[in-house]
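>
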Amino acid sequence: MSASQESRSRDNGPDGMDPDGVIESNWNEIVDSFDDMNLSESLLRGIYAYGFEKPSAIQQRAILPCIKGYDVIAQAQSGTGKTATFAISILQQVELDLKATQALVLAPTRELAQQIQKVVMALGDYMGASCHACIGGTNVRAEVQKLQMEAPHIIVGTPGRVFDMLNRRYLCEYALPFSKPVLLRFPHFNISLERNRHNYRFHL
1 MSASQESRSR DNGPDGMDPD GVIESNWNEI VDSFDDMNLS ESLLRGIYAY GFEKPSAIQQ
61 RAILPCIKGY DVIAQAQSGT GKTATFAISI LQQVELDLKA TQALVLAPTR ELAQQIQKVV
121 MALGDYMGAS CHACIGGTNV RAEVQKLQME APHIIVGTPG RVFDMLNRRY LCEYALPFSK
181 PVLLRFPHFN ISLERNRHNY RFHL
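Here UniProt numbering is used: the first residue of the sequence shown is 1, the next is one more, and so on.
1. Which two residues bound the contiguous alpha helix (DSSP H) that contains A103?
2. For A113, which residues from the same chain have a beta carbon less than 7 Å from its beta carbon, with the 5 sequence-adjacent residues on both sides left out?
3. Just checking my contact of A76 with I58 at CB under 8 Å: how many whole Å lie between their CB atoms?
4. For the 8 Å Cβ check, are there 3 or more pairs between the region 59-76 and the region 115-133?
5. Go ahead and label M127 buried or exposed: buried means 16 or more other beta carbons lie within 10 angstroms of its beta carbon, across all protein chains shown.
6. For E143 versus R161, is the C-beta spacing smaller than 9 Å?
7. Taking 9 Å as the cut-off, decide whether the C-beta atoms of Y50 and L123 are in contact.
8. On a Cα-Cα basis, can you pick out the residue from T138, N167 and Q60 that is closest to S33?
9. Would a C-beta distance cut-off of 9 Å place E29 and L64 closer than the cut-off?
10. Name the residue from N139, E111, N167 and Q93 whose alpha carbon lies nearest to the alpha carbon of M37.
11. Out of I90, G81 and G79, which has the shortest C-alpha to C-alpha gap to C66?
12. Just how far apart, CA to CA, sit residue 228 and Q148?
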């Protein structure tokens, strides 16, 4: 890679990414208003209360295909709204009356997992959706008790602790309903696998 190419890569993100942070897309539908995404009224209230006025470029392109159940790979620079993109798509699909975990988000660090949890809780504030951070550095017994008492609608966790809960059969038994599809979101998943130096295989 030449010096100019390397500089352009640093400025614009990975190869193939537009300067606004969105890779070229084969999804033709671009929606430039949250009101036109057919989101629930309570979710819209949370979105606007959070401070969003209109969707960012990646949100315009990625929210709807996620909601419609397509396999989506979305890549964008920091600060372009990736977390809110998958948080909104998850919240729109959560069945609030179903007391079971319906989405699992894996994050590479505890800090990022907690940050994602806060975004999910803020956006879903008017919905009554529950979101639990399943992360290392916290009391395992307390975590087990929480999963036993009530399965949160959404779990955001680090691979190590999620693997531990799956291995202990607590997350598997009490949280993930295998009779219905489970949404998986992996923000920066390649970083998580490299940093943890483990290969985690989840049979979901």
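Note that the Cβ used here is the ideal one computed from N, Cα and C, for glycine as well.
None of the values given here were measured: they were computed from a predicted structure.
According to the structure shown:
1. Unbroken run through A103 is the beta strand (DSSP E), A103 to L106; no alpha helix (DSSP H).
2. The answer, listed in chain order, is A107, A133, I135, V156, G157 and T158.
3. 5 Å
4. No, the region 59-76 does not touch the region 115-133.
5. buried
6. yes
7. The beta carbons of Y50 and L123 sit closer together than 9 Å.
8. Q60
9. yes
10. The closest CA to that of M37, considering only N139, E111, N167 and Q93, is found on Q93.
11. Comparing Cα-Cα distances from C66 to each of I90, G81 and G79, the minimum goes to I90.
12. Outside the displayed range of the chain (1 to 204) lies residue 228, so it cannot be described from this structure.
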